[in-house]
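First to last, the sequence lines map onto chains A and B. Quick note: the first sequence uses my numbering, first residue 1, plus one each step. Quick note: the second sequence uses my numbering, first residue 1001, plus one each step. One structure below.
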Amino acid sequence: AQKVTQAQTEISVVEKEDVTLDCVYETRDTTYYLFWYKQPPSGELVFLIRRNSFDEQNEISGRYSWNFQKSTSSFNFTITASQVVDSAVYFCALSGRGEYGNKLVFGAGTILRVKS
Amino acid sequence: NAGVMQNPRHLVRRRGQEARLRCSPMKGHSHVYWYRQLPEEGLKFMVYLQKENIIDESGMPKERFSAEFPKEGPSILRIQQVVRGDSAAYFCASSRAWATNTGELFFGEGSRLTVL
């Protein structure tokens, strides 16, 4: 079975603070994919990143960075110098190489509130 | 290139009525997935379809829910005799056949069903 745990239900920070969103996953697959999505108040799902299980290099994209550690089954997401526009629900998700395609398993999400 | 198109974006139904949600995948995509997001929860997989075939419906409620993806036209998620608990956002995603198992899913903006 596959499972994604986002232990932080809600985080509040003040603008310009750095914030890290935690994601821990469980899977028996040796090849799998990890994702982060952003869901702003408008409700759509915005794709942020996809990482495959063979690539443990950390990634940085502007103010966003991701730390993938297979040893601890974690794929954490850090926003540097947060802004009010970062306020959203953030979902971590996992996809295995199962028989039936791209069935994503989502975490429960972390609500991020950035105050000015 | 148009993305995944879902309509209606918002749908209001009274208890006992039927709801039909439509999803047109991205051009060239032949795989469609439906996910449901209950209020303040993460997304849950419902069903995975290819043209004229249901591949995996392990996440579909046993009664009142059905899905199809005909040879021509959009995929349709149908909910009969809706109840208040069906109120949720329903997201559709699509992928190319060759992208199966690589996690290359593209999501629509969702259809929000409200049952009065």
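We treat Cβ as the ideally placed atom computed from N, Cα and C, and that holds for glycine.
Alpha-carbon to alpha-carbon, residue j and residue i
{"i": "THR9 (chain A)", "j": "ILE79 (chain A)", "result": "17 angstroms"}
{"i": "VAL117 (chain A)", "j": "GLU1068 (chain B)", "result": "Nothing about residue 117 (chain A) can be read from this structure; chain A reaches only from 1 to 116."}
{"i": "TYR25 (chain A)", "j": "LEU94 (chain A)", "result": "7 angstroms"}
{"i": "ASN58 (chain A)", "j": "GLU1041 (chain B)", "result": "28 angstroms"}
{"i": "GLN1081 (chain B)", "j": "PRO1070 (chain B)", "result": "23 angstroms"}
{"i": "GLY107 (chain A)", "j": "ASN52 (chain A)", "result": "17 angstroms"}
{"i": "TRP1034 (chain B)", "j": "LYS16 (chain A)", "result": "37 angstroms"}
{"i": "THR5 (chain A)", "j": "ILE111 (chain A)", "result": "14 angstroms"}
{"i": "LYS1062 (chain B)", "j": "SER116 (chain A)", "result": "47 angstroms"}
{"i": "GLN1050 (chain B)", "j": "ALA81 (chain A)", "result": "43 angstroms"}
{"i": "TYR64 (chain A)", "j": "TYR33 (chain A)", "result": "19 angstroms"}
Where residue i meets chain B, residues with beta-carbon distance less than 9 angstroms
{"i": "GLU59 (chain A)", "result": "In chain order: nothing, as chain B lies at least about 15 angstroms away."}
Amino acids of chain A, ordered along the chain, whose beta-carbon sits closer than 7 angstroms to that of residue i
{"i": "GLY1042 (chain B)", "result": "PHE91, PHE106, GLY107, ALA108, GLY109"}
{"i": "PHE950 (chain B)", "result": "There is no way to answer for residue 950 (chain B), as the model of chain B reaches only from 1001 to 1116."}
Closer than 8 angstroms at the beta carbon, the chain B residues around residue i
{"i": "LEU21 (chain A)", "result": "Those within 8 angstroms of LEU21 (chain A) in chain B number zero; the least Cβ separation is about 13 angstroms."}
{"i": "GLY43 (chain A)", "result": "ALA1089, GLU1109, GLY1110, ARG1112"}
Cross-chain neighbours of residue i in chain A, by beta carbon under 9 angstroms
{"i": "ASP1086 (chain B)", "result": "Simply none; closest approach about 17 angstroms."}
{"i": "PHE1045 (chain B)", "result": "LYS103, LEU104, VAL105, PHE106"}
For residue i: DSSP bridge partner residues
{"i": "ARG1064 (chain B)", "result": "Bridge partners of ARG1064 (chain B): none, in fact."}
{"i": "LYS115 (chain A)", "result": "A:VAL14"}
{"i": "ILE49 (chain A)", "result": "A:TRP36"}
{"i": "VAL85 (chain A)", "result": "BP columns for VAL85 (chain A) are empty, so no partner."}
First and last residue of the uninterrupted beta strand (DSSP E) at residue i
{"i": "HIS1010 (chain B)", "result": "1010 to 1013"}
{"i": "THR1114 (chain B)", "result": "1111 to 1115"}
{"i": "HIS1029 (chain B)", "result": "No beta strand (DSSP E) contains HIS1029 (chain B), which DSSP labels as neither H nor E."}
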